[in-house]
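Below you'll find the structure, written out as structure tokens, and then a few comments.
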Amino acid sequence: MSVFTHVDFDQHEQVVYGHDKASGLKAIIAIHDSTLGPALGGCRMWNYASDEEALRDVLRLSRGMTYKSALARLPLGGGKAVIIGDPHTGKSAALFQAMGDFVDSLGGRYITAADSGTGVAEMQIMAERTRHVAGAGQREAFDGGSRDGDPSPSTAYGVFIGIQAAVAHRLGRQDLSGIRVAIQGVGQVGFGLAKLLKDAGAQLWVTDIQAANVQRAVAQLGATAVGQHDIYGLDVDVFAPCALGAIVNPQTLEALRAPIIAGAANNQLADASLAETLRRRECLYAPDYAINAGGIIDVCYERTGGSAAQLKAHIEGIGPTLTEIFQRAEREGATTTAIADRMARERLQGGL
10 MSVFTHVDFD QHEQVVYGHD KASGLKAIIA IHDSTLGPAL GGCRMWNYAS DEEALRDVLR
70 LSRGMTYKSA LARLPLGGGK AVIIGDPHTG KSAALFQAMG DFVDSLGGRY ITAADSGTGV
130 AEMQIMAERT RHVAGAGQRE AFDGGSRDGD PSPSTAYGVF IGIQAAVAHR LGRQDLSGIR
190 VAIQGVGQVG FGLAKLLKDA GAQLWVTDIQ AANVQRAVAQ LGATAVGQHD IYGLDVDVFA
250 PCALGAIVNP QTLEALRAPI IAGAANNQLA DASLAETLRR RECLYAPDYA INAGGIIDVC
310 YERTGGSAAQ LKAHIEGIGP TLTEIFQRAE REGATTTAIA DRMARERLQG GL
């Protein structure tokens with residue numbers, strides 16, 4: 010299949026395939042749009058069932074990064090990288106050195122960072138071969154503390170701010186005390202979100218494909234553990250998908266009861282048409298690339314500088330952005346995704 014006729018091709022500027030025989034690297038980098046600046050997006054490692062599945066993921070994710078940066082008013086474009094391989098058994102220093110060379114071959118048009126299946130350790134290896142990598146060293150966090158380059162805490166904080174905005178709009182509540190939240194995926198971002206919600210007085214239900222993650226949330230946060238397929242049908246106020254995408258689909262919609270969907274996962278809707286289904290059901294959906302922008306804001310500040318207070322304030326801007334999306338969608342009888350896309354395009358065309 011030609012990339013240009015692919016259903017997820019959206020005038021992408023560049024799609025590059027990379028292969029390194031010695032390390033076994035098979036990867037794709039997609040640059041969607043560089044109008045506002047160099048394309049930034051994470052490097053995901055996943056055991057894709059096919060090359061086609063990997064291409065679909067990188068095309069969709071890179072477009073999402075363009076819109077995410079634009080909505081967050083960042084001087085960045087949108088890009089993404091995917092490595093085809095098992096993140097549990099397929100990693101090696103040679104593989105990530107080769108990936109660093111691949112990123113470097115684009116001359117700075119694409120800046121990479123950690124994503125699903127990769128972390129600070131992998132970014133540090135890639136940084137041996139390219140300077141076009143973010144999240145590889147120590148830096149000041151949004152709360153004033155010191156941490157490694159992992160932007161997960163900032164992502165979690167942004168989603169927390171977004172849930173506050175969604176609850177205020179949909180439920181008319183200005184606090185989260187007693188709010189019932191079902192979190193799907195309590196890894197780095199999901200657990201950070203769960204802790205923030207717990208501290209705000211929310212009640213938590215959690216699930217994860219990794220039993221250890223669930224056990225940690227139960228032991229440390231007093232969350233209630235549920236089965237992977239039971240998370241959808243819970244009588245809760247907020248469903249927060251914080252794992253992989255396409256989790257809102259015709260099958261899960263039959264079970265979903267929450268009036269709000271607001272989480273950290275990318276590409277949460279399996280099909281764009283489902284946004285209209287959610288609107289008709291009066292289920293408020295926080296567009297993923299609007300609510301989970303805390304991580305890319307963090308990475309941007311790492312590269313451009315700025316104080317912890319400035320970083321925190323920028324992340325907290327996710328709340329007003331979502332409120333504007335919700336209000337415009339309600340006023341115009343449109344889906345929140347349509348409004349978010351429109352706002353992103355407005356900011357792309359108007360500049361920062």
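For the sequence shown, the residue numbers in our numbering are 10 to 361. Positions of the beta carbon are idealized from the N, C-alpha and C atoms, including for glycine. Given the structure is predicted, the values throughout are model-derived calculations rather than measurements.
Worksheet entry | Buried or exposed by the 16-neighbour rule on C-beta atoms within 10 Å, applied to residue 199 | buried
Fill in: Top-ranked residue by Cα proximity to residue 117, from 141, 260 and 22
141
Worksheet entry | residue 218 in three-state terms, based on DSSP | coil
Practice prompt. Quick one: give me the first and last residue of the alpha helix (DSSP H) that residue 162 is part of.
Written response: 161-180
Worksheet entry | residue 16 burial status per 10 Å Cβ neighbour count (16 or more: buried) | exposed
Fill in: Reference residue 88; option with closest CA among 37, 102 and 58
37
Item to complete: Below 8 Å on the Cβ atoms is my guess for residue 244 versus residue 197; work out the distance and round it to an integer in Å.
Response: At roughly 28 Å, the Cβ-Cβ gap does not stay under 8 Å, so residue 244 and residue 197 are not in contact.
Worksheet item: Can the beta-carbon of residue 299 be found closer than 9 Å to that of residue 330?
Response: yes
Worksheet item: Which ranges would you report for the alpha helix (DSSP H) in the segment 85-161 if only whole runs of at least 4 residues count?
Response: 102-113 and 129-135
Worksheet entry | Alpha-carbon to alpha-carbon, residue 92 and residue 165 | 24 Å
Item to complete: Pull up the distance between the alpha-carbon of residue 323 and that of residue 203, whole angstroms please.
Response: 21 Å
Worksheet entry | 7 Å CB neighbourhood of residue 227 in its chain, flanking five on each side removed | 234
Item to complete: Please name the residue in 70, 138 and 76 whose C-alpha comes closest to that of residue 362.
Response: With the chain covering 10 to 361 only, the question about residue 362 has no answer from this structure.
Worksheet entry | Selected residue, minimal CA-CA separation from residue 149, among 316, 337 and 328 | 316
Practice prompt. Return helix, strand or coil for residue 231, following the three-state DSSP convention.
Written response: coil
Fill in: Own chain, CB closer than 6 Å to residue 46, minus 5 neighbours either side, in chain order
84, 85 and 86
Discussion item. Mapping the DSSP letters down to three states, classify residue 185 as helix, strand or coil.
Written reply: coil
Worksheet item: So what's residue 244 in DSSP terms, helix, strand or just coil?
Response: coil
Worksheet item: Does the pairing of the segment 16-33 with the segment 273-293 give three or more beta-carbon distances under 8 Å?
Response: no
Worksheet item: Excluding the five sequence neighbours on either side, which residues of its own chain have a C-beta within less than 8 Å of the C-beta of residue 291, listed in chain order?
Response: 268
Discussion item. So for residue 35, helix, strand or coil by DSSP?
Written reply: strand
Practice prompt. Compare the Cα-Cα distances from residue 126 to each of 360, 96 and 20 and report the closest residue.
Written response: 96
Worksheet item: Considering only C-alpha positions, which residue in the set 253, 169 and 188 is nearest to residue 212?
Response: 188
Discussion item. If I follow the unbroken beta strand (DSSP E) through residue 50, where does it start and stop?
Written reply: 48-55
Worksheet entry | For residue 81, three-class secondary structure by DSSP | coil
Discussion item. Please give me, in chain order, every unbroken run of the beta strand (DSSP E) with length at least 3 that falls completely inside the segment 284-324.
Written reply: none
Discussion item. Is it buried or exposed, residue 71, if we count other Cβ atoms within 10 angstroms and call 16 or more buried?
Written reply: buried
Discussion item. Residue 252 and residue 217 - do their beta-carbons sit closer together than 9 Å?
Written reply: yes
Worksheet item: CB-CB under 7 Å to residue 335, same chain, minus the five flanking residues each way: which ones, in chain order?
Response: 178, 293 and 345
Discussion item. Per DSSP, what are the beta-bridge partners of residue 27 in this structure?
Written reply: 36
Worksheet item: Ends of the alpha helix (DSSP H) at residue 336?
Response: 327-341
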